[in-house]
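Each number in my numbering corresponds to the 1-based position in the sequence shown with 221 added. Heads up, the beta-carbon is just placed ideally off N, CA and C, and yes, glycines get one too.
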Amino acid sequence: AASEKGGWSSFMRKEVQEQPDAVANTIRGRIVDGQVVIPELEGLGDDVLRGIRRITVIACGTAAYAGMVAKYAIEQWARIPVEVELSHEFRYRDPVLEADTLVVSISQSGETMDTLMAVKYAREQGARTISICNTQGATIPRESDAVVYTHAGPEVAVASTKAFVAQITALYLFGLRLARVRGTLGDAALAEQLAELQAVPEKLGEVLEESDRVAQLAHWMADTRSVLFLGRHVGYPIAMEGALKLKELAYIHAEGFAAGELKHGPIALIEPGQPVFVVVPSPRGSATLHPKVVSNIQEIRARGARVIAIAEAGDAAVLPFADEVIRIPLAGPLFEPLLAVVPLQVFAMELSTAKGLDVDQPRNLAKSVTVE
Ligand code: G6P
């Protein structure tokens with residue numbers, strides 16, 4: 222009903238706008254006196270967290286991309302190897318699980334059958350399990366040793382938006398907690414990362430202010446048949462999430478690639494007029510990666526690609542080569558994905574709208590897939 226949408230024309234439009242709150246509410250109460258406090262994990266005990274040798278993240282769809290983003294952060298902060306695996310692949314390949322493996326499941330609904338079965342399997346094999354979930358009392362948290370809830374609020378639109386940024390937020394809090402327990406992050410570094418995290422809601426508000434420009438772009442591109450997305454480091458999962466959103470919402474063929482992989486294949490797809498979104502890492506935060514991605518942009522532009530760059534405010538290096546530049550506020554490298562994903566969500570949503578499609582309930586999809 223219209224009232225449930227709070228005046229918005231669709232749940233998705235409402236949920237996209239709620240992203241600053243989704244992040245703020247997920248952080249709320251979890252940073253106390255400069256430390257991360259996650260009471261839900263206390264049952265697990267600090268010595269258990271200290272003893273973990275490996276983390277396996279399991280999830281499906283957008284939640285899996287949240288896991289891929291968090292892998293970079295958790296490895297950097299806590300110095301633990303993290304692998305991310307699709308739930309339905311994990312269970313059927315005889316994975317190596319030991320008592321010092323922590324299995325972290327991510328699920329907005331907490332009911333995705335593929336993920337539930339993977340969690341049960343992991344427990345049977347003796348691994349510790351924690352779940353990141355947006356739905357109180359759902360099945361997956363009940364089947365896990367501990368749960369860290371995201372507080373994005375109910376997500377109704379089938380394709381996930383605000384739950385994604387909340388998942389990354391919860392995983393980052395967990396990663397920072399883990400780093401402290403394991404002594405891999407000093408006071409100053411922790412304070413810096415926490416300040417970055419706490420600044421995300423306001424920055425998300427700023428990104429959302431660019432939405433009209435992104436909408437215009439989507440309307441111009443309503444007849445597009447294929448869109449490519451490139452990203453590197455934490456921008457890589459964002460490229461894949463941008464492609465997934467476009468498939469789900471606008472039924473357009475889309476693929477996300479690691480920018481470094483371009484020359485190993487995908488560049489063959491570039492022909493004149495091909496739209497390519499490029500998630501550009503910050504020149505300040507990623508001094509080594511930024512020029513590599515800019516040179517990727519040059520390479521595809523030289524072959525006629527139409528380049529839409531998502532780049533940090535003030536990054537002038539992209540200007541000579543990009544057809545369009547969508548700006549995101551300055552943030553630490555690990556926090557850029559929380560911002561860069563927003564214009565990609567808005568683009569897919571607006572393209573869906575421009576095509577007259579039902580943005581909340583795309584064809585053939587279900588909000589939570591409760592069959593294997
Ligand atoms: C479905 C939805 C996706 C979602 C995925 C995982 O396929 O259409 O938007 O990312 O399930 O859902 P979960 O509830 O486990 O996060």
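Could you give the distance in angstroms between the alpha-carbon of residue i and the alpha-carbon of residue j?
{"i": "valine 501", "j": "leucine 451", "result": "9 Å"}
{"i": "serine 573", "j": "alanine 380", "result": "12 Å"}
{"i": "tryptophan 441", "j": "arginine 314", "result": "45 Å"}
{"i": "alanine 569", "j": "arginine 548", "result": "17 Å"}
{"i": "valine 563", "j": "arginine 249", "result": "21 Å"}
{"i": "asparagine 246", "j": "alanine 373", "result": "7 Å"}
{"i": "aspartate 254", "j": "aspartate 408", "result": "12 Å"}
{"i": "arginine 403", "j": "glutamate 319", "result": "19 Å"}
{"i": "proline 375", "j": "glutamine 346", "result": "33 Å"}
{"i": "valine 340", "j": "serine 326", "result": "7 Å"}
{"i": "glycine 456", "j": "leucine 559", "result": "10 Å"}
{"i": "glutamate 476", "j": "phenylalanine 498", "result": "10 Å"}
{"i": "threonine 591", "j": "glycine 264", "result": "29 Å"}
{"i": "isoleucine 531", "j": "glutamate 236", "result": "21 Å"}
{"i": "leucine 415", "j": "tryptophan 298", "result": "12 Å"}
{"i": "isoleucine 259", "j": "glutamate 520", "result": "46 Å"}
{"i": "tyrosine 286", "j": "lysine 513", "result": "23 Å"}
{"i": "alanine 436", "j": "leucine 429", "result": "11 Å"}
{"i": "threonine 283", "j": "leucine 465", "result": "8 Å"}
{"i": "serine 516", "j": "glycine 228", "result": "44 Å"}
{"i": "aspartate 335", "j": "serine 308", "result": "6 Å"}
{"i": "arginine 398", "j": "leucine 392", "result": "10 Å"}
{"i": "leucine 425", "j": "alanine 561", "result": "9 Å"}
{"i": "alanine 400", "j": "alanine 343", "result": "24 Å"}
{"i": "threonine 350", "j": "glutamine 357", "result": "17 Å"}
{"i": "arginine 434", "j": "alanine 412", "result": "35 Å"}
{"i": "glycine 525", "j": "glutamate 533", "result": "24 Å"}
{"i": "isoleucine 491", "j": "leucine 262", "result": "48 Å"}
{"i": "leucine 449", "j": "isoleucine 361", "result": "34 Å"}
{"i": "methionine 289", "j": "isoleucine 276", "result": "12 Å"}
{"i": "isoleucine 353", "j": "alanine 480", "result": "29 Å"}
{"i": "alanine 378", "j": "serine 330", "result": "12 Å"}
Bridge partners for residue i per DSSP, in chain order?
{"i": "leucine 323", "result": "Ile276, Arg349"}
{"i": "tyrosine 370", "result": "Cys354"}
{"i": "phenylalanine 498", "result": "Phe450, Ile529"}
{"i": "leucine 307", "result": "Ala280"}
{"i": "glycine 477", "result": "Phe450"}
{"i": "serine 516", "result": "Paired residues: none, contrary to the question."}
{"i": "isoleucine 521", "result": "Note: isoleucine 521 sits in no beta bridge, so no partner."}
{"i": "serine 328", "result": "Cys354"}
{"i": "glutamine 256", "result": "Val253"}
{"i": "valine 546", "result": "Ala530"}
Could you confirm whether any beta carbon from chain B is found closer than 8 Å to the beta carbon of residue i?
{"i": "glutamine 519", "result": "As a matter of chain content, chain B is missing from the structure shown, which is built from one protein chain."}
Could you check if residue i is buried or exposed, using at least 16 other CB atoms within 10 Å of its CB as the buried criterion?
{"i": "arginine 271", "result": "exposed"}
{"i": "histidine 454", "result": "buried"}
{"i": "proline 302", "result": "exposed"}
{"i": "proline 493", "result": "exposed"}
{"i": "threonine 333", "result": "buried"}
{"i": "glutamate 557", "result": "buried"}
{"i": "aspartate 444", "result": "exposed"}
{"i": "threonine 382", "result": "buried"}
{"i": "glycine 486", "result": "exposed"}
{"i": "serine 432", "result": "buried"}
{"i": "valine 317", "result": "exposed"}
{"i": "glycine 535", "result": "exposed"}
{"i": "proline 496", "result": "buried"}
{"i": "aspartate 268", "result": "exposed"}
{"i": "alanine 537", "result": "exposed"}
Q.
Count Cβ pairs between the region 353-371 and the region 223-241 that sit closer than 8 Å; are there 3 or more?
A. Using a Cβ-Cβ distance cut-off of 8 Å, the region 353-371 and the region 223-241 are not in contact, since fewer than three pairs of beta carbons, one from each stretch, lie closer than that value.
Q. Around the ligand G6P, which residues pass a check of Cβ closer than 7 Å to any of its heavy atoms?
A. This selection yields Ala280, Cys281, Gly282, Thr283, Ala284, Ile327, Ser328, Gln329, Ser330, Gly331, Glu332, Thr333, Thr336, Val379, Ala380, Ser381, Ala384, Glu469, Leu586, Ala587, Lys588, Ser589, Val590.
Q: Evaluate the contact criterion for the region 552-566 versus the region 503-517: three or more CB pairs, one atom per stretch, below 8 Å.
A: They touch, by the three-pair rule.
Q.
I'd like to know if the region 580-587 and the region 462-472 are in contact, where contact means that at least 3 CB-CB pairs between them fall below 8 Å.
A. They touch, by the three-pair rule.
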